[in-house]
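Chemist:
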Amino acid sequence: MALRAPGDDALGACPLCGRSIPRASHLISYRKGDWPLLFATCRECDEVVHPE
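Following this line, the structure appears as structure tokens:
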């Protein structure tokens with residue numbers, strides 16, 4: 001599978017493998033100060049990550 005840039009349907013890229021993380025992998029969102037943060041599961045790594 002080729003690496004691809006996150007698209008409109010993506011939350012961002014996995015910080016471990018660089019793969020695009022789709023919105024369907026979203027687990028939880030929260031705010032830290034003014035910044036929204038989230039956790040999602042990377043299907044490639046099978047790890048919970050903060051998409052970048």
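full-length UniProt numbering numbers the first residue of the sequence shown as 1 and each following residue consecutively.
From the three backbone atoms N, C-alpha and C, an ideal C-beta is built for every residue, glycine too.
Treat the numbers as computed from the prediction; the structure is a model and nothing was measured.
Excluding the 5 residues preceding and the 5 following residue 58 in the sequence, name in chain order all residues of the same chain whose CB lies nearer than 6 Å to its CB.
Modeler: The shown model of the chain, from 1 to 52, leaves out residue 58, and the question about it has no answer.
Chemist: Quick check: what's the CA-CA separation for Pro-36 versus Pro-51?
Modeler: Those two C-alpha atoms are separated by around 12 Å.
Chemist: Using beta-carbon positions only, say whether Arg-23 and Glu-44 come within less than 7 Å of one another.
Modeler: Result no, Cβ atoms of Arg-23 and Glu-44 do not sit closer than 7 Å.
Chemist: Hey, quick one: how far does the beta strand (DSSP E) through Gly-12 stretch, first residue to last?
Modeler: From DSSP, the beta strand (DSSP E) with Gly-12 extends over 10-13.
Chemist: In the structure shown, what three-state DSSP assignment does Arg-31 receive?
Modeler: Of the three classes helix, strand and coil, the one that applies to Arg-31 here is strand, per DSSP.
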